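A.B. asks:
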Amino acid sequence: MRWALVKVCLAVTAMVVVAFAVPLGLVIKEMARDRAFSNAEREAAVVVPALSITTDREQVERVVASTGSDDGMAVHIPAGDGRPAVDLGRARAADTDIEAVRALGRASTAEVPGGSVLLQPVALGLGTVVIEVYVPESEVSNGVGTAWAVLAGVGVALIVGSVAVADRLGVRMVQPAQRLVEGAHELGEGKLGARVPEEGPTELRLAAVAFNSMADQVVQLLANERELAADLSHRLRTPLTVLRLNAASLGDSPAAEQTRAAVAQLEREVDTIIRTAREAKPQTAAAGPGAGCDAAEVVRERMAFWSALAEDEGRKVRVAGVDRPVRIPVARADLAAALDALLGNVFRHTAEGTAFAVDVHNAEDAVIVLVSDAGPGIPDPEAAMARGRGSGSAGSTGLGLDIVRRLAESTGGDVRIGSSVLGGTEVRIWIQLSGHEPSRRGHRGAVRRRRAGRLGAAFRRSRSLS
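Under the numbering used here, think of the first position of the sequence shown as 689, with each following residue one higher.
1. Report the partner residues of residue 812 according to the DSSP bridge assignment.
2. With residue 854 as the anchor, note down where its alpha helix (DSSP H) starts and where it stops.
3. Quick check on DSSP: helix, strand or coil for residue 699?
4. Just checking my contact of residue 1121 with residue 1017 at CB under 8 Å: how many whole Å lie between their CB atoms?
5. Below 8 Å between beta carbons: does that hold for residue 824 and residue 803?
6. Using only alpha-carbon positions, find the residue among 1025, 1044, 1068 that is nearest to residue 1096.
7. Is it buried or exposed, residue 1011, if we count other Cβ atoms within 10 angstroms and call 16 or more buried?
8. DSSP three-state label for residue 886, please.
9. Whole angstroms is fine: what's the gap from residue 744's alpha carbon to residue 809's?
10. Of the choices 877, 866, 1031, 725, whose alpha-carbon is the least far from that of residue 826?
11. Report buried or exposed for residue 980, applying the criterion of at least 16 other Cβ atoms within 10 angstroms of its Cβ.
12. Taking DSSP's pairing of strands, which residues face residue 1044 in a bridge?
13. So residue 1034 packs on residue 1044, CB below 8 Å; how close in whole Å?
14. Let me confirm a value: residue 773 is counted as buried when at least 16 other C-beta atoms fall within 10 Å, else exposed. Which label applies?
15. Comparing C-alpha positions only, which one of 812, 844, 696 sits nearest to residue 738?
16. According to DSSP, is residue 1013 helix, strand or coil?
17. Using a threshold of 8 Å, state whether the C-beta atoms of residue 891 and residue 882 are closer than that.
18. Compare the C-alpha of residue 856 against each of 1063, 1101, 697 and name the closest.
19. Within 10 angstroms of the Cβ of residue 1108, are there 16 or more other Cβ atoms? Answer buried if so, exposed if not.
20. Can you confirm whether residue 811, when its beta carbon is compared against all beta carbons of chain C, has any partner nearer than 8 Å?
21. Check the DSSP bridge columns for residue 1049 and list the partner residues they point to.
22. Assuming contact is defined by CB atoms lying nearer than 8 Å, are residue 776 and residue 800 in contact in what I supplied?
23. Counting C-beta neighbours from all protein chains within 10 Å, is the total for residue 859 16 or more, i.e. buried, or is it exposed?
24. Figure out for me which residue from 759, 1050, 716 has the closest Cα to the Cα of residue 820.
25. Is the beta carbon of residue 1059 closer than 8 Å to that of residue 1103?
26. Using 10 angstroms around the beta-carbon of residue 1067, count the other beta-carbons present and answer buried if the total reaches 16, otherwise exposed.
27. Starting from residue 1088, trace the alpha helix (DSSP H) both ways and give me its first and last residue.
28. Just tell me which of 932, 798, 943, 1064 has its CA closest to the CA of residue 956.
29. I'd like to know whether the C-beta atoms of residue 720 and residue 829 end up nearer to each other than 8 Å.
30. Drop a sphere of 10 angstroms on the beta-carbon of residue 1003, count the other beta-carbons inside from all chains shown, and report buried for 16 or more, exposed for fewer.
31. On a CA-only basis, which of 987, 767, 848 is nearest residue 701? Give me that one, please.
32. If you measure between the beta carbons of residue 674 and residue 1040, is that distance less than 8 Å?
33. Assuming residue 1171 and residue 1014 make a contact with CB atoms under 8 Å, what is their CB distance in whole Å?
34. Can you check whether the CB of residue 694 is closer than 8 Å to the CB of residue 851?
35. Should residue 782 be labelled buried (16 or more other beta-carbon atoms within 10 Å of its own) or exposed?
36. Hey, residue 853 and residue 871: beta-carbon distance below 8 Å or not?
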């Protein structure tokens, strides 16, 4: 916007300067020419009274010399009464021009080498005398160059001044817009204290007011949501206390130990939710260097937890790709919550005895976690990914897959739902390793989807062979 305004002002000012300076320059040149020939007419008028008295050569020469322009003036006296024609002074005009002026009886100008001449006719009793006054080119253009230089300087000064004014106006318009853009970026990055100065043109000032009002509402809404989440989580403490007391009285059987471990895990999760909800800063920034967790270790830990329940229900379980560390830029608790959400869906929405598998693949720039089962599958994957919609069955809130999606997108990855080689649903979690990036579409997104398809095909081939 700033440079566009400068260019428009530059073009308009340049056109105005050209429209006025060129005609004014031509007028100045014409005025200088008129001034030079007016001086020549005055010099010729000095000689006219002497010619009306006498045409004697010596006397006329003295009169011409008294004018101070004897080298630039010539007098052409016609022949008459047996007297030959007399030409006094240095003649420069052609004879044809002199005879034409004598015949017409009015003054005229003619071009000669080095300048011009004024031919002034004077009617006397002996005939028409032509006075020739030489006007050099330097006298015709005297002062024209200086005047043009002054005009050019004024034009350049006007252009420079207009550009400077336009630039200042552009800055006054652009800076508030830039601050508005920066504020939007900061708010999008989770800096909830980002505000924009309410200054500049009226439209941008109103936009800044609206932005600040929106930011205040966002902060208030987030605060309300945090308080609501904390309150709801706190309400779970009473039933958890009852469960913990009941689990303590179950004895020392393996099932009792599993129940007590599950209750303890649930208490820790509730405490984590309360602490996170009470934090003032949202966790939207990317994990720094060295942060994250070992995905293989988390998968082994969560599969050890769910394997006990799978054994009770007669489910066949397979885990692959967790024999060596796999570092990902995701918090341990977040990955555990995502895995629990997916595995919980398997137990909740498939019949007992349904097999499932978890595969981890470590690529050069991404880690893929596949959770697949041999259940009936998901008929509408897009609807299943919609937050809060759920599957329509009892106990389904629709938030489990959304937790997984947000985990993947926090690293620049994504989540896809498809069909597994086991015959049921396959949920693929793509975790980007190159840091936090926004979701990309177009060519790079297509390349990533093709690459994910190849990796998924490799997983399916490996499982079909196992």
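Just so you know, even glycine gets a beta-carbon here, dropped at the ideal spot from N, CA and C.
As the structure is a prediction and not an experimental result, all values here were calculated from the model.
C.D. replies: The answer reads as follows:
1. 815
2. 832-876
3. If DSSP states are grouped into helix, strand and coil, residue 699 belongs with the helices.
4. Right, their Cβ atoms sit about 7 Å apart.
5. yes
6. 1025
7. exposed
8. coil
9. 18 Å
10. 725
11. buried
12. 1005, 1061
13. The pair is a contact, with the Cβ atoms about 5 Å apart (cut-off 8 Å).
14. exposed
15. Comparing alpha carbon positions, the residue from 812, 844, 696 closest to residue 738 is 812.
16. coil
17. no
18. 697
19. Residue 1108 is classed as buried because its beta carbon has at least 16 other beta carbons within 10 Å across all chains shown.
20. Absent from the structure: chain C. Only one protein chain is present.
21. 1056
22. no
23. Around the beta carbon of residue 859, fewer than 16 other beta carbons sit within 10 angstroms, so the residue counts as exposed.
24. Comparing alpha-carbon positions, the option among 759, 1050, 716 lying closest to residue 820 turns out to be 759.
25. no
26. With a threshold of 16 other beta carbon atoms within 10 Å, residue 1067 falls short and is exposed.
27. 1088-1097
28. 932
29. Cβ distance < 8 Å, so residue 720 and residue 829 count as in contact.
30. Flag for residue 1003 reads buried.
31. 848
32. Examination of residue 674 is not possible in this model, given that the chain is present from 689 through 1154 alone.
33. No answer is possible for residue 1171: the residues shown for the chain start at 689 and end at 1154.
34. yes
35. Classified as exposed, residue 782 has fewer than 16 neighbouring CB atoms from the shown chains inside 10 Å of its CB.
36. No.
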